[in-house]
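**Student:**
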Amino acid sequence: MADPEKTPATHRRPNATVTGASFTNSVVIILPSIGRDLDIPDSRLQWIVSAYALTFGCFLLLWGRIADVFGKKAIFVAGSAWVTATTVANPFIPNEVVFNLFRGLQGLGAAANVPTAIGILGTTFPPGKAKNYAFAAYGAGAPLGSIFGNLLSGLITSYANWKWVFGVLAILAGVVTLVGYLIIPAQPPPALVYAGSTNNASTPPRVPPMIRSIDWFGGFLITLGLVGLLFALTEGNVVGWSTPWVGVLIGVSLLLVAAFVLWQMWLERPYNVQKQLAGHAWPPRPLVRISIFSRSGGPFGAALIIMALFFSSFNGFLVYATYFYQDYQGLSAIQTTLRFIPTGVAGILTCFVVARLLSVVPTYLILLFGNAAVSISSLLLAVPIPAITTSYFAYGLPAMIFSVIGADTAWPSLTLFVSHALPQEDQALGGALVNMAGQIGRAIGLAIATAIQTAVMASERGVDVAHVGSTQVHDEPTLKGLRAGNWFNFALGVSSFLVVLLSFRGSGIVGKIPDKPSAQPLQRPIDEATPSQPSAQAQTPVDIEAGHGATDRACHNNAIGVAVSKD
405 MADPEKTPAT HRRPNATVTG ASFTNSVVII LPSIGRDLDI PDSRLQWIVS
455 AYALTFGCFL LLWGRIADVF GKKAIFVAGS AWVTATTVAN PFIPNEVVFN
505 LFRGLQGLGA AANVPTAIGI LGTTFPPGKA KNYAFAAYGA GAPLGSIFGN
555 LLSGLITSYA NWKWVFGVLA ILAGVVTLVG YLIIPAQPPP ALVYAGSTNN
605 ASTPPRVPPM IRSIDWFGGF LITLGLVGLL FALTEGNVVG WSTPWVGVLI
655 GVSLLLVAAF VLWQMWLERP YNVQKQLAGH AWPPRPLVRI SIFSRSGGPF
705 GAALIIMALF FSSFNGFLVY ATYFYQDYQG LSAIQTTLRF IPTGVAGILT
755 CFVVARLLSV VPTYLILLFG NAAVSISSLL LAVPIPAITT SYFAYGLPAM
805 IFSVIGADTA WPSLTLFVSH ALPQEDQALG GALVNMAGQI GRAIGLAIAT
855 AIQTAVMASE RGVDVAHVGS TQVHDEPTLK GLRAGNWFNF ALGVSSFLVV
905 LLSFRGSGIV GKIPDKPSAQ PLQRPIDEAT PSQPSAQAQT PVDIEAGHGA
955 TDRACHNNAI GVAVSKD
């Protein structure tokens, strides 16, 4: 086993690389400039962001499984290179449709980055302080990139053309690609050995080729279902929820998602498992073993629900805080961004604290605190304060600080819990699941919040929703609509708090440092029992070794990274 004192040093660089990958997408602040140059109307500007989010959220699951099969480093580097190439091309495209298409291609590359980044952290770091610091730093990077990236974009746009923003982001993505290739440890694909697959130790199990081990049909079902769902939710507030095709598309998308779940359950039936163990080309191994929700040793499903609710609340706060400062108070993009800077400082400080708390404080207490803080941030902007005359330091500053403290507390706790709940060879898939839950939660939550905001504004103006008009500076209906949206974000945070209270009590300390390393071999049970082998022979995958010790420097070196998902 490696020297515990040396383990953090050998792992710091790959941690810095995967957390740094997220600086590459911050274009929200330059949307007006892009719209003017490409002649894009305000009603369609959202697609510059939505096209990215659509492909990102929908391809996470498939990329997560591909990374677990073919190797996390290879997929991470390939995804970073793809983001680099598509980002370089974007500023040279003069057409709105093609511009949005390349934004979608950027999201496709980012979808390969995020689950592999979490998978690399999960497999590189053994349980202990080093792993706690790694996940705390990665979680702290989530809000920081949005802040620093948008600030950088605003500064560049103020003194140069918006196209230079994509140039700088492409350079950063290229650096991540090169550094990732050079320093991330080589992680060969798992041997796909199954406990209990043979009673004769001298006879190796027959394993199908890697390409056949991926459930491509399941990937098609879940990807198509999520694309339809997120597209309908994105367009619903643009074309109107009463538009017939919106409801039809949502219904069809939900049917596809349900079909995916049933398909995965069928693939886990003992008869099919026997064929998979015997090396048959059909049926493939499931993309997601549905049984992990009951066999993961903890409230795995509840963790995904919490991520969806909590991230929706946090993202909603960021969106509505931006609306409040720009659309209601009439501040410029730079003035608005400056009001978000305290979240960066608070995020770095929270990283150090949470890294220590993960190993000594029960997980449910950390999650309760994080969700409470995120809820309070929305509450501070929802209450009827004298918005024009009240100082930013009275409500705005505390709200910013509470939001990032809550996010940087809950996010690493959830990702670390998922990492511990799954075997080593499913780490990238776990990263995909937890991020997909957040993306779906964000899309649904923002769609509902926007619908509530629009309805309140229409009611205040005495018109129907179709003729509500746009937001206006120092306009009372605008302010009431924004407050209504923040009340909904507050309700999401409270709901997440209640799920933690009901599901995570007694879940233990997720970052607890083990007393000694385990010597058990890494094995991956597909099913608890098959007709020829009793379930007692199957063993749960364990981490190969346990490590101790990390330094504050490990957190400091990685706190500036940002997750690509925060576009």
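In the working numbering, the protein residues as written are 405 to 971.
Think of the CB as a built atom: it goes at the ideal place given N, C-alpha and C, for glycine as much as any other residue.
(1) Please report how far the alpha carbon of F496 lies from the alpha carbon of N504, in whole angstroms.
(2) Determine, using beta carbons only, whether T517 and F570 come nearer to each other than 8 Å.
(3) Mind checking whether V492 and A514 have CB atoms under 8 Å apart?
(4) Once the 5 residues before and after M669 are set aside, which same chain residues still bring their CB inside 6 Å of it?
(5) Check whether the Cβ atoms of N641 and A786 sit closer than 8 Å, and answer yes or no.
(6) Can you give me the C-alpha to C-alpha distance between E672 and L708, rounded to a whole angstrom?
(7) Roughly how many whole angstroms lie between the Cα atoms of G622 and P690?
(8) To which residues of the same chain is G370 closer than 6 Å at the C-beta, ignoring the five residues directly before and after it?
(9) Kindly indicate which three-state DSSP category Y799 falls into: helix, strand or coil?
(10) Tell me which residue opens and which closes the alpha helix (DSSP H) that R760 is part of.
(11) Determine the contact status of I856 and V764, defining contact as a CB-CB distance below 8 Å.
(12) Suppose you measure from the CA of V583 to the CA of A521; what does that come to, to the nearest Å?
(13) Throw me the rounded Cβ distance for the L906 and L713 pair, which I believe falls under 8 Å.
(14) Quick check on DSSP: helix, strand or coil for H871?
(15) Considering just the uninterrupted stretch of the alpha helix (DSSP H) at A590, what are its terminal residues?
(16) State yes or no: is the C-beta of G461 within less than 8 Å of the C-beta of L449?
(17) If you reduce the DSSP assignment to three classes, tell me which class F503 lands in.
(18) Can you tell me whether L512 is buried or exposed? The criterion is at least 16 other CB atoms within 10 Å of its CB, across all chains shown.
(19) Report the rounded CA-to-CA distance for L826 versus G834, giving the unit in angstroms.
(20) In whole angstroms, what separates the C-alpha of W645 from that of G651?
(21) Who are the near neighbours of A851 in its chain, counting only those whose CB is closer than 8 Å to its CB and skipping five residues on each side?
(22) Would you mind stating whether I780 and F744 have Cβ atoms separated by less than 8 Å?
(23) Output yes if chain D places a C-beta closer than 8 Å to the C-beta of I694; else output no.
(24) Please state whether the Cβ-Cβ distance between A663 and L625 is less than 8 Å.
(25) If I measure Cβ to Cβ from V904 and keep anything under 7 Å in the same chain, skipping five residues before and after, which residues do I get?
(26) Could you give the C-beta distance for G720 and A853, rounded to a whole number, given that I count them as a contact under 8 Å?
(27) So what's N565 in DSSP terms, helix, strand or just coil?
(28) Taking N890 as part of the alpha helix (DSSP H), name the residues at either end of that continuous run.
(29) Rounding to the nearest angstrom, what Cα-Cα distance links L466 and F718 in this structure?
(30) Kindly list the residues whose CB is nearer than 8 Å to the CB of I789, restricted to its own chain and excluding five residues on each side of it in sequence; keep chain order.
(31) Is it true that the CB of T627 sits closer than 8 Å to the CB of V481?
(32) Residues in the same chain with beta-carbon distance under 7 Å from P935, minus the five sequence neighbours each way, listed in chain order, please.
(33) Below 8 Å between beta carbons: does that hold for V872 and M861?
(34) Quick check on this structure: which residue in S900, T741 and R909 has the alpha carbon closest to the alpha carbon of G401?
(35) When you compare only the Cα positions, how much space is there between V391 and I479?
(36) My understanding is that L762 touches P816, with C-beta atoms under 8 Å, so please give their C-beta distance in whole angstroms.
**Tutor:** This is what the structure gives:
(1) Approximately 12 Å, taken between the alpha carbons.
(2) Looking at the sequence itself, residue 517 is Asn, so the reference to Thr does not match. Against a cut-off of 8 Å, the Cβ pair of F570 and N517 comes out as no contact.
(3) Going by C-beta atoms, V492 is not nearer than 8 Å to A514.
(4) Closer than 6 Å at Cβ, skipping near neighbours: I694.
(5) No.
(6) Near 21 Å, if we compare the C-alpha coordinates of L708 and E672.
(7) Answer to the nearest angstrom: the Cα atoms are 8 Å apart.
(8) Beyond the ends of the chain as shown, which are 405 and 971, falls residue 370; an answer cannot be given.
(9) Look at Y799 here: in three-state DSSP terms it is coil, with no helix or strand label.
(10) Per DSSP, R760 belongs to the alpha helix (DSSP H) from I745 to L761.
(11) Pairing I856 with V764 gives a Cβ-Cβ distance that is not under 8 Å.
(12) The straight-line gap from Cα to Cα measures roughly 13 Å.
(13) Not confirmed; about 13 Å, so no contact.
(14) Three-state DSSP puts H871 in a helix.
(15) Taken as a continuous stretch (DSSP letters only), A590 belongs to no alpha helix (DSSP H), as it is neither H nor E.
(16) When the beta-carbon positions are compared, G461 and L449 stay at least 8 Å from each other.
(17) Annotated three-state conformation of F503 is helix, per DSSP.
(18) Counting Cβ neighbours within 10 Å, L512 comes out buried, since at least 16 surround it.
(19) When rounded, the distance between both Cα atoms is 7 Å.
(20) Rounded to whole angstroms, the separation of the alpha carbons of G651 and W645 is 7 Å.
(21) Only L637, T638, G640 and N641 meet the Cβ criterion.
(22) No.
(23) In the structure shown, chain D does not exist; there is a single protein chain.
(24) A contact, by the Cβ cut-off of 8 Å.
(25) Residues I710, Y768, L771, L772 and N775 of the same chain have their beta carbon placed closer than 7 Å to that of V904, with the five preceding and five following residues left out of the count.
(26) Sure, about 5 Å apart at Cβ, within 8 Å.
(27) DSSP places N565 in coil when its eight states are reduced to three.
(28) Start and end: E880 to S907.
(29) Cα-Cα distance, rounded: 26 Å.
(30) Excluding positions up to five away in sequence, the list reads A798 and Y799.
(31) Between V481 and T627, the C-beta gap is not smaller than 8 Å, which leaves the two residues out of contact.
(32) Since pLDDT at P935 reaches only 37, below the 50 mark, its modelled position is unreliable, and the value read off the structure follows with that caveat. Exclusion of the five residues before and after P935 leaves P674 and Q678 as the residues of its chain whose Cβ lies within less than 7 Å of its Cβ.
(33) In this structure, V872 sits near M861, with a CB-CB distance shorter than 8 Å.
(34) Given that the chain is displayed from residue 405 to residue 971, the structure contains no residue 401 and the question cannot be resolved.
(35) Here the chain covers residues 405 to 971 and nothing more, so residue 391 does not appear.
(36) Contact between L762 and P816 holds: their C-beta atoms lie close to 7 Å from each other, under 8 Å.
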